[in-house]
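Trainee: Residue numbers (full-length UniProt numbering): 1 to 42.
Backbone N, C-alpha and C define an ideal beta-carbon position, used for all residues, glycine too.
All figures in this text were calculated on a predicted structure; none of them were measured in a lab.
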Amino acid sequence: MDSFDAGEVVKQLPCKHMFHKKCILPWLDSHNSCPLCRSELP
Numbered sequence: 001m002d003s004f005d006a007g008e009v010v011k012q013l014p015c016k017h018m019f020h021k022k023c024i025l026p027w028l029d030s031h032n033s034c035p036l037c038r039s040e041l042p
């Protein structure tokens, strides 16, 4: 898993896991859950 640097665009999911926006948006296009904990998104 990558770390986050100052100025990077990140997205925090309701489960509090954070991802690079460019990484999580493609995932969310086809899934309704967090890729780490599989918590369903509202």
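If you count every other CB in all the chains shown that lies within 10 Å of the CB of phenylalanine 4, and 16 or more means buried, which is it?
Mentor: The sequence position of residue 4 within the sequence shown is 4, counting from 1. So phenylalanine 4 counts as exposed.
Trainee: Could you spell out where the alpha helix (DSSP H) holding lysine 21 opens and where it closes?
Mentor: Mapped onto the sequence shown, residue 21 falls at position 21. Run containing lysine 21: 21-30, per the alpha helix (DSSP H) assignment.
Trainee: Does lysine 16 come out as helix, strand or coil in the three-state DSSP assignment?
Mentor: Taking the first residue of the sequence shown as position 1, residue 16 is located at position 16. Reduced to three states, the DSSP call for lysine 16 is coil.
Trainee: Closer than 8 angstroms by C-beta to serine 33: which residues in its own chain qualify, once you throw out the five before and the five after it? Chain order, please.
Mentor: The count along the sequence shown starts at 1 and reaches residue 33 at position 33. The residues are Ser39, Glu40 and Leu41.
Trainee: Pull up the distance between the alpha-carbon of glutamine 12 and that of leucine 28, whole angstroms please.
Mentor: Against the sequence shown, residue 12 aligns to sequence position 12. Against the sequence shown, residue 28 aligns to sequence position 28. Going by the C-alpha atoms only, they are around 12 angstroms apart.
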